[in-house]
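Numbers -18 to 154, taken from the numbering used here, label the letters of the sequence shown in order. The beta-carbon is built from N, C-alpha and C at its ideal position, and this holds for glycine as well.
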Amino acid sequence: MTNRILTALTIRIAGIYLFTKIFDHFGSYFFSVYGTATMARFDELLSEPIDKFFFTGTFLTIANIVVSIFLFVKAEWIAKKLIKADNEIKTELNAESLTKVILLTVGIIWLAKLIYLIPDLVEYCSKFISSMNGNEEIELPDFAIANYILKTILTLIIIFRIEKISNWIIKKI
């Protein structure tokens, strides 16, 4: 197995993970939209907010599906762009290779989770900007923005500095 094949496999797993995350909220989202829209009184009162909610949520769901299918189908192409030199992976198990596998796995899983949380980030930012512009009626959603930013930075550091991090860990052992 080469590092390019392993990267393509990891990207495919991230695509599958992202696709399965759709089903966490899919049923409750569409049931709440259509259930509310079928009630005549709610339809009159909430026509514009429901339309906004429906179109935004539907667009983000479709974007999530497209990105996950793209990751799954184009994994080899992405791996080819990411990894220029195709090297054979040695199967010897030592502290350095195990550290790299653990770090890469954590980085890819965190990256998939961060991609999954992009709609929540967009919603939080739009409501935050609205509240900063003087709209006091808007309540900010429960979204840990500091945690998201910290995990994004850590994920990028783990993925792009995996060699230095694993060497530092090996020196500490």
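C-beta contact flag for residue i and residue j at 8 Å
| i | j | result |
| --- | --- | --- |
| L(-1) | I70 | no |
| I50 | I3 | no |
| Y172 | I126 | For residue 172 there is no data in the structure shown, the boundaries of the chain being -18 and 154. |
| I158 | R(-7) | Residue 158 cannot be examined here, being either before or after the span of the chain that is shown, -18 to 154. |
| P122 | K132 | no |
| A76 | I154 | yes |
| I119 | S111 | yes |
| F230 | I(-3) | This structure gives no information on residue 230, because the portion of the chain shown stretches from -18 to 154. |
Three-state secondary structure (DSSP) of residue i
| i | result |
| --- | --- |
| E77 | helix |
| E120 | coil |
From the options, residue whose alpha carbon lies closest to that of residue i
| i | options | result |
| --- | --- | --- |
| L137 | R(-7), I89 and A76 | I89 |
| A(-5) | W91, T(-17) and A66 | W91 |
| A(-11) | P100, A44, L85 and F40 | L85 |
| T(-17) | A44, M113, V48 and E57 | E57 |
| L41 | V103, K152 and Y129 | V103 |
| K55 | L95, T(-9) and G115 | T(-9) |
Where residue i falls, given that 16 or more other Cβ within 10 Å makes a residue buried
| i | result |
| --- | --- |
| S147 | buried |
| I139 | buried |
| T1 | exposed |
| L74 | exposed |
| L135 | exposed |
| A44 | exposed |
| A60 | buried |
Counting pairs of Cβ atoms below 8 Å between the segment 127 to 147 and the segment 71 to 83, do you hit three or more?
yes
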